[in-house]
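S.K.: The numbering used here numbers the first residue of the sequence shown as 162 and each following residue consecutively. Ideal placement from N, C-alpha and C gives every residue a C-beta, glycine not left out.
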Amino acid sequence: MSLQGKVALITGAGGMRGVGRAAALKLASQGADVAITDVRRPLDDLPPGEVRAEWQSIDSVSEEVRALGRAALPIYADLAESRQIEELVAQTVNHYGRLDILVNNARAVIGRDKAPVTELEEAVWQHFLNINTTAVFRCTKFAGREMVRLGNGGRVVNIASNAGKQASADGAAYSASKFAVIGLTQASALDLAPHGITVNAVCPGPINTDRMSYWERDQAAQRGMTQEEFRAQIVSTSAERSPLGRIAEAEDVANLVSFLAGPDAEFITGQSYNVNGGILFH
Ligand SMILES: NC(=O)c1ccc[n+]([C@@H]2O[C@H](COP(=O)([O-])OP(=O)(O)OC[C@H]3O[C@@H](n4cnc5c(N)ncnc54)[C@H](O)[C@@H]3O)[C@@H](O)[C@H]2O)c1
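Here it is in structure tokens:
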């Protein structure tokens, strides 16, 4: 229970099999109370498994956190809006009276970005930069200010990606947004170090999440498969390519988040660690 008495704010935490939910449950299992946030999404923007299970985003995750004996505060907010981010941080601090850990996990719903740079729509580029990068800056700015004011130090963990270190074809917007998160991690680590606040990034390879991808939905339809059947093929190909023989689970990523948020990571800042089974080494 190394996080007893700490309060964590986790973005993008509503997915039934997402990294945000896994991080919220892991931090809660270590004793933290959590504020969890996500945007309200229409039914056809959700993974089919979540619709079938009647999953209720951060309300469902809050119930799971409370079942672990910790407090949960669900807050619906759109990270595209600076004002909503400021309010989300204020609500967390007003409710709990403190803020120790920020996990920047949310990302733009993927798929429309999967295009060669010559075909990539500017609106898609802007949206990816806005949610994947600018929202990380804004959350760090507003939460960082509170951590400084409260004077207890703090931890910021940014979920970047292997795509933030090594780009792929058809990945300009996603990769640029994640490379930027790694730069932001280093700069904010230096700015916040004098206040005892560390800032690190976690860079996963492919994860066995049930995220929505417009590209996967289209590819499945073209092949006459369900979206979940197509996703299962991707998961199995990723496992074959992995030196450790499997794709990452959300919990593999949450374990590193928990370590970086905990007391044993006190002297680590500005770093970007891979969780990828050995597919990339830098
Ligand atoms: N899934 C993977 O294979 C993979 C691989 C490498 C890195 N990552 C990174 O890990 C993190 C989590 O991945 P995941 O697959 O669990 O995520 P995901 O695709 O399910 O998205 C995370 C959450 O972000 C939320 N979100 C989207 N737009 C938002 C907005 N405007 N405002 C607020 N929230 C919004 C979504 O609702 C979702 O719950 C992301 O940062 C992702 O880039 C994922």
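1) With a threshold of 6 angstroms on Cβ separation, who are the neighbours of Ile408 within its own chain once the five nearest residues in sequence on each side are excluded?
2) Determine, using beta-carbon pairs with one atom in the segment 338-345 and one in the segment 404-418, whether at least three such pairs fall under 8 angstroms.
3) Would you check if the distance between the CB atom of Asp261 and the CB atom of Arg316 is smaller than 8 angstroms?
4) Going by other Cβ atoms of all chains shown within 10 Å of its Cβ, with 16 needed for buried, is Asp274 buried or exposed?
5) Following a CB-centred definition, is Gly210 positioned closer than 7 angstroms to any heavy atom of ligand 1?
6) Count Cβ pairs between the segment 229-244 and the segment 188-197 that sit closer than 8 angstroms; are there 3 or more?
7) Taking the DSSP output, what are the residues bridged to Ser374?
8) Quick one: any contact between the segment 297-309 and the segment 249-267, if contact means 3 or more CB pairs under 8 angstroms?
9) Taking the beta strand (DSSP E) that Ile292 falls in, what are its first and last residues?
10) Can you tell me the Cα-Cα spacing of Ile236 and Glu224, whole angstroms?
11) With burial defined as no fewer than 16 other Cβ atoms inside 10 Å of the residue's Cβ, what is the status of Met177: buried or exposed?
12) Can the beta-carbon of Val297 be found less than 8 angstroms from the beta-carbon of Asn319?
13) Quick one: which unbroken alpha helix (DSSP H) runs of 4-plus residues sit fully inside the segment 404-443? Chain order, please.
14) Is Asn266 near ligand 1 - that is, is its Cβ less than 7 angstroms away from at least one heavy atom of it?
15) Under 8 angstroms by Cβ, that's how I've got Ile292 and Leu240 pegged, so tell me the actual separation to the nearest angstrom.
16) Suppose contacts are defined by Cβ-Cβ distances below 8 angstroms. Is His356 in contact with Gly325 by that definition?
17) Report yes if the C-beta distance between Asn222 and Gly175 is below 8 angstroms; otherwise report no.
M.R.: Walking through what the data contain:
1) Counting only residues of its own chain and dropping the five nearest sequence neighbours on each side, Ile408 has a CB closer than 6 angstroms to the CB of Pro367, Asn369, Val396, Ser399 and Ala400.
2) no
3) yes
4) buried
5) no
6) yes
7) Ile271
8) yes
9) Segment: none, Ile292 is in no beta strand (DSSP E) and carries neither H nor E.
10) Cα to Cα, the separation comes out at about 14 angstroms.
11) When all chains shown are included, Met177 counts as buried.
12) yes
13) The DSSP assignment places complete alpha helix (DSSP H) segments of no fewer than 4 residues inside the segment 404-443 at 411-422, in order along the chain.
14) yes
15) 6 angstroms
16) Cβ atoms of His356 and Gly325: not closer than 8 angstroms.
17) Per the sequence shown, the amino acid found at residue 222 is Val instead of Asn. The answer is yes: Cβ separation under 8 angstroms.
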